[in-house]
Amino acid sequence: MKISISPILLLFCCTLLFIGCGEDKKPPKKKAKVEKSQSKPKPKKATTIPTTKSGVQSSEMDPEKLEAAEKLIAATSEEDVAAVDAKKNYKKFCTSCHGFKGNAKINAATDLTKLKSSLTRKVAQIYFGKGVMTPFKGIMEDAEIIAVAKYIETLKK
């Protein structure tokens, strides 16, 4: 007599066995509290994001970052920027939060169709990041960052 078991049934049984194995264990005991004098102080956050009274992130940008963005723009040739497929890079790196049209606002992303900031500010934000936005320094080349910042201008309504 030959017995055959379907792979799905076998997977289901193994899953039940795996889940059932952990039920007999007791939860780990909590560690005893350490006196405050012995505990190490928690490190402070390096930077904080400026917010308005309503809790919304403000549009302030560190002047040093703006200055670095200006230098980046000045040091990058127009030919290098023109050679970049900015739309392709935007789709690759930006659409997951901003959407194809720039107005998706996923993960609290800015609506790029209503953005009225300068090229320098856009380059600084892409290069250094801001809030939950990823800094693209080292991910994209300088010319690619500038090209994407210029491409964002075309998304305005």
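The sequence shown: position 35 = 32 (this note's numbering), numbered continuously.
Built from N, CA and C at the ideal position, the CB exists for glycine as well.
Since the model is a prediction, treat every value here as computed from it, not as a measurement.
- Under a 10 Å Cβ-count criterion, Leu8 is classified as exposed, with fewer than 16 other Cβ atoms of the shown protein chains found around its own Cβ.
- Cβ-Cβ distances below 7 Å link Asp139 to Leu69, Thr73 in the same chain, with the five nearest sequence neighbours on each side left out; the list follows chain order.
- Annotation: the continuous alpha helix (DSSP H) that includes Ser93 extends over 92 to 95.
- Excluding its 5 nearest sequence neighbours in each direction, Pro132 has C-beta neighbours in its own chain below 6 Å: Phe125, Gly126, listed in chain order.
- Leu63 and Arg118 do touch by the CB rule: their CB atoms are close to 7 Å apart, below 8 Å.
- With respect to Val78, Ala121 sits apart: the two C-beta atoms are not nearer than 7 Å.
- DSSP, read as helix, strand or coil, puts Lys98 in coil.
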